[in-house]
Amino acid sequence: MSLADAQGQMIDETAWSGGHGGVSDYFALLKPRVMSLVIFTALVGIVLAPGGIHPVLAATALLCIAIGAGASGALNMWYDADIDSVMSRTRNRPIPAGRVTGSEALAFGLTLSGFSVFVLGLLVNWFAAALLAFTIFFYVVIYTMWLKRSTPQNIVIGGAAGAFPPVVGWAAVTGSVSLESLVLFLIIFMWTPPHFWALALFKSGDYQAANVPMMPVVAGENSTRNQIFVYSLALAPVGVLPWLMGFAGFAYGAVSVALGVAFIIFAYRVWTTREGDAARRASIRLFSFSILYLFLLFAVLLGEHLVTAFVSGLA
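Residue numbering for the sequence shown follows this note's numbering, beginning at 1050 and increasing consecutively.
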């Protein structure tokens, strides 16, 4: 029996009994780092959407989107407990570490899912609630239960789940989806493969041990580097679209162009550096920069819009 099989069997035998998790363990089930990105991008969708929304309803929408994202994380950890027990970066998560049982995590995730969708629909609008419900379904069922374990394109297709929050935020204000909100979706969607494949390059041993068909494991590291570079070349002009389409200003245009060029440079270093520690460092640097890239793009979008609204209010 392999290490992965043995540890997976251990999870099957113990995940449904015991458990003595505290508040911090249940908070960890929400994947707070992922949730923070969801909250931020959803906030940008809410602020950029035309028409405006009462601040209390905006806060309610943002809270529901955050809870829905956390529910998705908890359900992901419930289903992936066998994988998490094998991988070094996840084996101390609450379920494989034995602090929370599988049944507790499942109940926690389902309760939060239902609560977030129902409250968003009841207090804001049901179209946004339906989008949130679909986002949770897509992440848990389509990505976690199906794509993640079956295809090296898991991140490409599954990345849609992480790209929905600004669309849900936009829909909370307008009750609809627009071309502008889909552009915000597209930026995150195109950003996801090079971001996660850079991580997978220096964690490929973990994915191999867990039998997860990530791109470096199935297609090889060189093929993964090629695809990272291609996606980075495609991402750079997509990041500029808000400016080209007129719903972002010159400041965003300048920043998005500069960040796109920098992203390509980091990706080029990953593409051309294929041996030893230098290749590992190049992947880590791209992964780290990719987080900064997305944060700065949406931060400038948000800041530029708020400044414009403030100046207009003074006029």
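We put the beta carbon where it would ideally sit given N, CA and C, even for glycine.
The alpha helix (DSSP H) spanning residue i covers which residue range?
i       : result
Ser1361 : 1325–1363
Trp1292 : 1270–1293
Asp1131 : 1130–1133
Ser1145 : Inspection of the sequence shows that residue 1145 is occupied by Pro rather than by Ser. Note, Pro1145: premise wrong, no alpha helix (DSSP H); not H, not E.
Trp1320 : 1299–1321
Pro1214 : 1214–1223
Tyr1188 : Careful: Tyr1188 lies outside any alpha helix (DSSP H) and carries neither H nor E.
Thr1160 : 1151–1172
Tyr1259 : According to the sequence shown, residue 1259 is Ala rather than Tyr. From DSSP, Ala1259 is part of no alpha helix (DSSP H); its letter is neither H nor E.
Taking a contact to mean a Cβ-Cβ separation below 9 angstroms, would you say residue i touches residue j in this structure?
i       : j       : result
Pro1081 : Gly1117 : no
Ser1162 : Ser1121 : yes
Ala1220 : Asn1174 : yes
Leu1233 : Val1093 : yes
Ala1212 : Phe1238 : yes
Ile1277 : Ala1247 : yes
Leu1346 : Val1304 : yes
Phe1176 : Ala1209 : no
Ile1314 : Val1222 : no
Ala1283 : Pro1291 : no
Ile1095 : Val1261 : no
Leu1235 : Val1287 : yes
Gly1302 : Val1310 : no
Arg1274 : Trp1320 : yes
Ala1259 : Val1135 : yes
Arg1330 : Glu1270 : no
Val1149 : Leu1180 : no
Met1294 : Leu1228 : yes
Please report the straight-line C-alpha distance between residue i and residue j, rounded to a whole angstrom.
i       : j       : result
Met1194 : Ala1285 : 31 angstroms
Leu1009 : Leu1112 : With the chain covering only 1050 through 1364, there is no way to say anything about residue 1009.
Leu1124 : Val1226 : 27 angstroms
Ala1098 : Tyr1128 : 35 angstroms
His1069 : Ile1144 : 10 angstroms
Thr1200 : Gly1218 : 30 angstroms
Asn1203 : Gly1100 : 36 angstroms
Ile1114 : Val1087 : 8 angstroms
Arg1318 : Ala1077 : 34 angstroms
Gly1147 : Val1083 : 22 angstroms
Leu1106 : Val1349 : 24 angstroms
Phe1183 : Arg1138 : 28 angstroms
Val1189 : Ser1361 : 43 angstroms
Gln1257 : Val1266 : 6 angstroms
Phe1164 : Lys1197 : 26 angstroms
Ala1328 : Ile1191 : 32 angstroms
Val1279 : Ala1316 : 9 angstroms
Ser1332 : Ser1281 : 13 angstroms
Consult DSSP for residue i and reduce its assignment to one of helix, strand or coil.
i       : result
Ile1060 : Low confidence applies here, because Ile1060 scores a pLDDT of 44, under 50, leaving its location unreliable and the question unanswered by this model.
Gln1202 : coil
Phe1005 : Residue 1005 lies beyond the stretch modelled for the chain, which goes from 1050 to 1364, so this question has no answer here.
Ser1066 : Reliability fails at Ser1066, whose pLDDT of 46 lies under 50, so the model's placement of it is uncertain and the value that follows must be treated cautiously. Residue state, collapsed to three classes: coil.
Ala1123 : helix
Gly1071 : coil
Pro1099 : coil
Arg1140 : coil
Leu1248 : helix
Met1194 : helix
Phe1296 : coil
Arg1226 : Looking at the sequence itself, residue 1226 is Val, so the reference to Arg does not match. Here Val1226 sits in coil by DSSP.
Phe1181 : The sequence shown places Leu at residue 1181, rather than the Phe named in the question. Here Leu1181 sits in helix by DSSP.
Leu1079 : coil
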